[in-house]
Structures are given as structure tokens and as C-alpha cells.
Amino acid sequence: MKTVRISLGISLPILLAGTLATLLLGASVGNAQDDTAQAAAYRNGIAQDDLRNEAERVKQDLLALLEDFKESQATPQDLAAINAAVTKINDLSEKDMGAVVKMLKNASALDDKSALAPMLVNASKGQKSIENLLKAFSDNLSLQQAESSLAQRIGGLLLRQIVNLHQFQDNMAEAEAKSARAAKHASQSLLPTVEQNAIQTELEQILDTLQKVAATPDNKKKAVYAQALKEAEDHQLKEAAASAIHGLTSAKPEETVPAQRNVIGGLQAVLQKLSDGQSIQERLTAMAFRLTELAMDQRNLKSFTLSAGRAPGADLIENQRKLCDQVEALLFDLSGLNLDAFAQGKGAKKAMDEADADLRDAKAHPTQQIADLQENAAASLQAAAAILEKQREALANSAPLDPAKTLAQLKALADKIDDTAAKEKQIAANPGNPQNPSQQKSLENTTTQLQKDAVSSSPAAAASLGHAAGEMQNAQNQQQGQTSAQKAVEHLTDASNQVKQQITALTGATAIQQALQALIDQIMAAKAKTVEAAKSIQTAKGNFTEGVALTNQAQKMTQELKIAALKATQIVPDEAKKALAQAYDHLGQSTLEAAQVRKAQALSRNQDAQQDFDAAIQALKKAAENAIAAAMPQGANGGDQSGSQPGNQAGAQGGAQPGNQAGGNGPGAASASGGNGATGPGSGDQTGAAGGIGSQFIQGWGAEGGPAQVVEGIKPKDRDVLLLLQKAQVPPEYNVMLQQYSKNLANGESPDN
């Protein structure tokens, strides 16, 4: 497959606007310049035809992209979006554009000059209509693009804020070791200030985009975006970002770090809300994939450490720090998924921090000791990934949830959470109590078990419970006991509210299901009466008096059903109401035919009514199923997990990884697995911070023919090969061969072709 290049959002509206302007100019000439107007009609007919051909080419590109997405097991939402785009372009090129082309070409061939102007006016109206459709389509695509990149952008910003916080702390620690005056000067360090300003600008842009997508009509994830916005407001993200800049520019380091941490906390909370729109299995898959990647990167750095010996070099030190920051960015989300995996992640972070410190003072630490720390970190990350994968498999293989049992579980869960929250409040209200640490440990164990219980029935609450358990662990340290205990209470309150919202939704859905089932039962009774009437008409030898009477009874029952459906219009779908109305009409027609002793016609209308009843029943069953499905936890088990692409979720925050570039091989060479090579202060936009397989090769090997040029046209199996090649420690002399391999893939030349 060739590389797919789509420029629909820009090229078509611009081309169309130019064509329309030329047409209007030609049409405004008037009768005095008929020849010019006629020529303009011809030229614009050709231009419009070219535009239609361009639309056809875009459609073919979209179809090719659709096939590639199917091979890549893309999400149903992505496939639906491309299908919708193909349909829209197809309608425009075949119907709307075709009509304008025909009109313009006919106008150019007119002998009657007086009819030319009206045809040009009609063609102009047609083009304006097409232009409006394309502009609306373009705007919609732009909004979809902004929506799809939100989690990725927030993940990247979170990582940048963590990096900038650590950079500022390093500057301060280094300066304080010299003198107080140096420390004051360091608090206004230029690079952290510049980066903090850039973070604030990006944050404002992200929040603006979030507001736009939250305000989009008919957006199925509107509630998720609204909650994410609320989190940003509750955490006062904008104010925290401004405070961080104020601390940096006014030489007040005591303000800077808390403000930066508030920005980190706010971004984590917003990301958490965005992930509520994903199924638990999608999140587990994405996080496991990301942890596996980081483990591979850590083992690569271990190899570089062993080869570098006592002179690790700045690149190695820098990349070890980047890995530390990336793991730190994942921990909050990880705690909301699985506390056992979170413990492994924390262990990995601890080992990575020690390796980072030892690398900075390599002469004082044996090389093998540093490599062992790096291996321990990689093993912990891999263990965390294995725990998540095991959890995902267990959920996928579990039996479908029963609504009644789930409702009972949710009610019991809410009671337990409220009881735990009450106990945590008592601890938070008595910070000096010497028994607090032991009580916190007990509550942490309780909350850990509650999270495990909540994973299948309430994934959102499970995340909040995980965060609460993490804070309870921190609260066992007396210095931060009260603050962490208060945060734990907040997370427990969130969990309780999330469970109670589910209880309300599921209770309402159950009531809807029961009401619809009652209506279905009545329809089945009406159908049974209709079947009875048909049998009477079929077997009658004289008149159809009994059959007419039975049909009238069925029609009366249907009339009552129509009234009941109208009263319950909020829950009864239009298809069911329409089917009942048709059944009523068909029964009336059957009565008339039976009264005239026309057996075949009466039975035919009777059969039509039975089919109408079946259609109404199916529509009501589907509505009941949809109501229950909307209230049940998304994808907690056996749900539609088709096409989740690993590493393409909010939890997969990435950054620079050690790898290969055309110009060299070593720890300083930026890999494309999830980000760009510069994640430090002032590095600019790190849009790869949450990239998955579909975007891993946008950054990296910058030379011509590298993956940045071929990602859109290669197949999943070839992408896997490239990923392995990038992760491997390939000698520099093989880089040219790897670039040629990438070019071959872009041209559809795979080894198995």
C-alpha cells in the first residue's frame, strides 16, 4: 500500500472557494460580454470537474486508509469516522458536484444567450451549497482531530511539567550548595522560566480545545469532557500555572514548587476524567504496552551503562533522568488501574532514581551496581505490565455482568466506601494521634480490596479508590499525614459519588427495561389475538363474523398500545410507535376485507399486522438493551474491545527513548517510541507524549526515507519490525540499510511480496 496523504480539511475548501470566485466574476459580466460569460462557464465547468476528480482521489485515499486501519485493528470509532467521511465525499462528488458540472457544461454550449445568466446563477447557488457543506465537514474534521489528540497533548504537557519541576529543583540544589545569593539567582533561572511560560500557553490552548469539544452538539463523550473541564476548574489549573511563573520571576522558590505540583496534580486529574470515556480493558492494554516499552528502554540504557564504565557521559545521564520522569508521569494513572502494579511501578521509580543519582556520581559507585539497579527497574516495570495483562485477560474471560447482581454489588460497595471515608475523616481530624499510622495501614488494605471489588462493576470508582489507597500510604508518614489523609477522603468521596451515580443510572435503566417489557408483553397479547383472528378467518366456511370480531379486539388493543407508547415517548423509540400505527391500520384493513368475505386479502393484511408487531417488539427490545448497556460499566467484561491499539491511550505518556538515528547510535539518539528526543525545558512541543503504534514513527530517524515518511503506508507486521529495529542496539554502519528498508516499505515492497 502506498503512503496515504489526506489534506481534505484544507485543500478542497480552498479549491472550491477559488472556483466559486471565478464563476461569480464571469457571471457578473452581463449580456454585453456574453462570450466571456460563456467561456467562464466552460472554464468553471472544467474546474468543477477537476474538483470532483480531486474529491474522488481523496475518497480513494480514505478507502485505502480505511483498509490500513482495519489491518491495524483500529477502534470502531475510528473506522466509523472514516466511513462517514467516505460517504460524505461520495455524495458530494457524485450527486452535488456532478449536478453543478452538468449545469456549467450545458451553459457553455447554449445557443440561447439569454438563458446563460440564469443557468450561471443556479450553478453559483449549487457551488455555494457545496462550499458550505465542505466547510462544515472541514470544521468537523478539525474538531475531531483536536478531540483525538487531547489526551496525547495533556499527557505530553504533564511530562513537560514534571521535567521542568525537576530541572528547577536541580538548579536550586546546585545553587544552594554554593551560597544563598546563588540560590536566589537560580530561582530565576532562565530555562525553567521560559519552559514554564510555554507550558502555560499550551495549557490555555488545551483548555480552549477542551471547551470546544465539550460544547459540540451530539458528542457522545460530551459528559466526559464536561467532567474533565470541571476537574481543571476545581484544581484551578490556570491559576496554578500563573503562580508557578510568578514564583520563578519573583525569586520566590517557596511558591514555585507547590504551584508546579498543583499543575501536575490538575493535569493528572483531567487525564483521569478523559480516561473514564475508555473501557477498563483499553486502559489496561495501553498501560501494559507502555510499561513494556519503558522496560525495554531501561534495559537498553543498562547496556550503555555497562559499555560506558566509569565515564557514562551526559547523554546516558540525561536519558536515565527522562525515563525516571516518564515513569513518574504514569504512576498516578497506574494507581487507578491496579495497586499491585502500582507498587511495582513505585519500586521501579525508586531503583531508577538511585541509578540516576549513581550515574551522576559514577566514580563513587561500581558500574555493575548501577546496571543492577537499572535491571531491577526494568524487571519491576515488566512485572507491572504482566499484572495488568493478567487483569485484562481475567476481565475479558469473565461472564457478562448481570444488571440485577451489579446493582446489588454497587449498593454494597457504596456502603463500604462511605464507611471507609468516615474512618478516614476521623484520622484527618486528629493529626496528632499516635495510632494514625497503624489505622492508616488498615484502611489502606481495606481500600485496596475495595478497588479490586470495584474494577468490574465500577471502573471509574476503582481509579479513585486506587488514588485514595496511595494517599493513605503517604499518610502513614507523620510529616504529610494530615494532608494526605484529607486527599484520601476526597478520593473516597469521588469514588462514593461515582458509584452512586451508577446506582441511579442503573436503577433508572432497570425501570425503563421493565416498562418496555410490560409494553412488549401487551404487544405479544395483541399479536396472539391477531393470530387467533387469522385462524378463524382461515377455517370459516360461511361468513367471517368471528374473525371480524377478533380482529376488532386486536385493533382495539393496538389502539391502547399506541396511546401507551405516546405517553412513554421518552423511552419508546420512533420505530416502535411507527410499527404500532401501521399494525393498527393493517388490522382495520383486514376487518374491512373480512367483512366483505375476501379471505386472501383479509389474511394478507392480518399477516402485515403480525409483522408490524414483530418490528415493534424488536425495536423495544433493542431500546431496553441500549438503556441497560448505557448504565453498565463500559467494557468491564466481554464487551466490544475490537480494535484497541496498544499504546494509543491517555495512559501511555511517552517521551524520548534511547535508540538510533541516521547520524549515530547511542543513548543520546532520540527514538520514535512515543515522543521526541528533547523533553527537557525549552524543548518545545512534545506531541508524541501519548503516541501508540500508529504514531510512534512520526519522530525519530530524521533522515529522508525514515519512518516519519512511511508510517501511514505500512502494515502492522512491518511496523512491529521497525519498532524492534529501533529498540535494538544496531551498529551505526547499518543505518543506511535500515533507511532503505523503510523506503521499501513505503513503496509497498515488503520481504514477503
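Residue numbers 13 to 765, in this note's numbering, belong to the letters of the sequence shown in order.
The beta carbon of each residue, even a glycine, is placed where N, CA and C say it ideally should be.
Note that this is a predicted model, so its numbers are computed, not measured.
From this set, the options, which residue's C-alpha is nearest residue i's C-alpha?
i	options	result
E243	L286, T268, A227	L286
S508	E544, A426, Q494	A426
S262	T205, P229, A474	T205
Q438	Q394, Q498, A472, R404	Q498
G278	D345, S315, E637	D345
E483	I524, A440, K464	A440
N445	K464, A481, Q494	Q494
A500	V511, K512, A580, Q485	Q485
E458	S468, A480, Q447	Checking the sequence shown, residue 458 turns out to be Thr, not Glu. The option with the nearest alpha carbon to T458 is A480.
K250	Q212, Q284, T228, K234	Q212
A527	K579, A271, F556	K579
N618	S161, G559, D368, Q380	G559
K553	Y596, A537, R610	R610
F354	V236, T522, Q463	Q463
K283	I535, D368, L171	In the sequence as presented, Lys is not what sits at residue 283; that position holds Leu. With distances taken between Cα atoms, L283 lies closest to L171.
S5	K417, V275, I575, S468	Only positions 13 to 765 of the chain appear in this structure, which leaves residue 5 out of reach.
M299	Q403, K314, D368	Q403
T460	T551, A396, A545, N350	N350
N409	E401, M536, P415	E401
Q338	K361, A475, V236	K361
I429	L504, S476, L413, T379	L504
A627	A607, A588, Q608, N638	A588
K417	Q380, T317, P645, D352	P645
T570	V225, I583, K541	K541
R302	Y237, A398, I276	A398
G167	Q280, D246, L219	Q280
Since I believe residue j is in contact with residue i (beta carbons under 8 Å), could you give me their beta-carbon distance rounded to a whole number of angstroms?
i	j	result
N209	I257	6 Å
L573	L592	5 Å
A389	M364	5 Å
L531	A577	7 Å
G272	N176	Before going on, a small fix: residue 272 reads as Gln here, not Gly. With a Cβ gap of about 7 Å, Q272 and N176 count as contacting.
K314	E387	6 Å
T221	L162	6 Å
Along the alpha helix (DSSP H) that carries residue i, what are the first and last residues, could you check?
i	result
I257	249-261
K423	415-441
I382	379-409
I166	162-188
K242	234-246
K453	448-469
D620	611-643
G559	557-579
R333	325-349
K314	292-320
T603	586-607
N209	202-226
K285	265-287
Kindly list the residues whose CB is nearer than 7 Å to the CB of residue i, restricted to its own chain and excluding five residues on each side of it in sequence; keep chain order.
i	result
N564	T603
Q217	none
Q488	P449, Q452, K453
L455	T432, K435, E436, M484
A320	L328
E366	L385
L615	A546, I549, Q550
S19	Below a pLDDT of 50, predicted positions are generally treated as unreliable, and S19, at 34, falls in that range; the measurement from the model is reported next regardless. Excluding positions up to five away in sequence, the list is empty.
Leaving out five residues on either side along the sequence, give the residues of the same chain with a beta carbon under 6 Å from the beta carbon of residue i.
i	result
Q514	L422, S470
Q394	A307
L215	A253
A473	A466, A507, Q510, V511
P585	A631, A635
A643	A517, L518, A521
P324	L371, A374
Kindly list the residues whose CB is nearer than 8 Å to the CB of residue i, restricted to its own chain and excluding five residues on each side of it in sequence; keep chain order.
i	result
K358	L343
T519	L419
S548	F556, E558, G559, L562
N442	N448
A383	K314, T317, L318
S40	Because the pLDDT at S40 is just 36, under 50, the model does not fix this residue reliably, and the point stays unresolved.
- Could you give the uninterrupted runs of the alpha helix (DSSP H) lying entirely in the segment 470-544, keeping only those of 4 residues or more? 471-487
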